Amino acid sequence: GENVEQHPSTLSVQEGDSAVIKCTYSDSASNYFPWYKQELGKRPQLIIDIRSNVGEKKDQRIAVTLNKTAKHFSLHITETQPEDSAVYFCAASGTSGTYKYIFGTGTRLKVLA
Amino acid sequence: GAGVSQSPRYKVAKRGQDVALRCDPISGHVSLFWYQQALGQGPEFLTYFQNEAQLDKSGLPSDRFFAERPEGSVSTLKIQRTQQEDSAVYLCASSFRGGYGYTFGSGTRLTVV
Numbered sequence: 567g568e569n570v571e572q573h574p575s576t577l578s579v580q581e582g583d584s585a586v587i588k589c590t591y592s593d594s595a596s597n598y599f600p601w602y603k604q605e606l607g608k609r610p611q612l613i614i615d616i617r618s619n620v621g622e623k624k625d626q627r628i629a630v631t632l633n634k635t636a637k638h639f640s641l642h643i644t645e646t647q648p649e650d651s652a653v654y655f656c657a658a659s660g661t662s663g664t665y666k667y668i669f670g671t672g673t674r675l676k677v678l679a
Numbered sequence: 530g531a532g533v534s535q536s537p538r539y540k541v542a543k544r545g546q547d548v549a550l551r552c553d554p555i556s557g558h559v560s561l562f563w564y565q566q567a568l569g570q571g572p573e574f575l576t577y578f579q580n581e582a583q584l585d586k587s588g589l590p591s592d593r594f595f596a597e598r599p600e601g602s603v604s605t606l607k608i609q610r611t612q613q614e615d616s617a618v619y620l621c622a623s624s625f626r627g628g629y630g631y632t633f634g635s636g637t638r639l640t641v642v
C-alpha cells in the first residue's frame, strides 16, 4: 500500500547548524510533496512544498530536494534557530489524486541554544 | 474567516456516546478534508469533500464514522458509539481547489473514557 517513511524520528542540533530530514515514498504516481511544521498542541502549518517536475525548491533558510527515481525527498533547514524547534512531517500525494496526503511519522527537531 | 476553525477544541466522551465535530473552512474554499492524528503519529486521511459532494471516504475507519457538508461550507464529522480507540486529534483542512497546500485547523482533541 501507500507508505511514507521518515527519518530520523528525533534530531538535536546546535543553534546555527543545519538540519536535514529525509523521507522515502512507495507510490511512483505521487506528484506532490508538502512539508508541515507542527508545534505542540497547534495545527500543522505548511512550510514548503515541491511538485514532481522540479528537483529543488528554496525559501529563505528552508529548501526541499526531490529525487523521483529514488522516490526520495529531503527537507534542509540552514542556520537553525530555537523557534525552528517543532515536529516536522513530510507527506506525499497518494494514488487517488493530489488531494489525499500520506504523511510520514514525523521528526521532532530540537534546536539547542 | 481568516483560517480553518474547528469546534469544540476538546471533547471528552464516555464510551458508547455519540459525538459531532464541526469544521468551518476558509471562506471560498471548495475542497475540505478530515484527518485523524493519533498521539505521536502523522495525520491519517479520513475523507474529502468538493463542495457538498463527498468524493472519497475511503479512510473512514468504520461505519460508526460519518461526515457531511450539506451546503458546501461547514462540515461535521460524526462518530457514533465512541470507542477508546477513537481517541485522537481530528484535523480539518481546506483548500481553494484540489489538494495543493491545504490549510489545517487546530483540531479537536477527542478523549473517550
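If you read the sequences in order, they're chains C and D. Taking the numbering used here, the leading residue of the first sequence gets 567, the next gets one more, and so forth. Taking the numbering used here, the leading residue of the second sequence gets 530, the next gets one more, and so forth. The beta carbon of each residue, even a glycine, is placed where N, CA and C say it ideally should be. Nothing here was measured: the structure is a model prediction, and the numbers come from that model.
Secondary structure of P600(C) (DSSP, three-state): strand.
Contact note: S635(D) reaches chain C through G607, K608 and R609, using a C-beta cutoff of 9 Å and chain order. Within the DSSP secondary-structure output, E571(C) pairs in a beta bridge with T590(C). Counting only residues of its own chain and dropping the five nearest sequence neighbours on each side, S659(C) has a CB closer than 7 Å to the CB of S596, N597, Y598, K666 and Y667.
Taking 8 Å as the cut-off, the Cβ atoms of A617(D) and F562(D) do not count as close.
Look at the stretch 555–581 of chain D: the residues with a C-beta under 9 Å from a C-beta of chain C are S560, F562, Y564, Q566, G569, Q570, G571, P572, E573, F574, Y577 and Q579. Around S659(C), the beta-carbon contacts reaching into chain D at under 7 Å are G628. Under the three-state reduction of DSSP, D615(D) is assigned to helix. For I614(C), the closest of K623(C), E645(C) and K676(C) by C-alpha to C-alpha distance is K623(C).
Interface residue (Cβ-Cβ distance to chain C less than 8 Å): D547(D) is not classified as such. D650(C): not part of any beta strand (DSSP E); DSSP gives it neither H nor E.
Residue-level contact by beta carbon fails for T590(C) and chain D, as no gap is shorter than 8 Å. For Q566(D), the enclosing beta strand (DSSP E) has its first and last residue at S560 to Q566. Between T673(C) and chain D, the shortest Cβ-Cβ separation is not below 8 Å. Around the beta carbon of D583(C), fewer than 16 other beta carbons sit within 10 angstroms, so the residue counts as exposed. The DSSP-derived three-state label of A679(C) is coil. For F669(C), the secondary structure class from DSSP, reduced to helix, strand or coil, is strand. Under the Cβ criterion of 8 Å, D615(D) is not counted among the residues facing chain C. With three or more CB-CB distances shorter than 8 Å, the stretch 622–632 of chain D counts as touching the stretch 546–563 of chain D. For the C-beta of F639(C), not a single chain D residue is nearer than 7 Å; the gap to the nearest is close to 15 Å.
Annotation for D615(C): the continuous beta strand (DSSP E) segment containing it runs Q611 to R617. DSSP, reduced to helix, strand and coil, places I608(D) within a strand of the structure shown. In this structure L678(C) is exposed. Its beta-carbon is surrounded by fewer than 16 other beta-carbon atoms within 10 angstroms. At least one CB atom of chain C sits nearer than 8 Å to the CB of D585(D).
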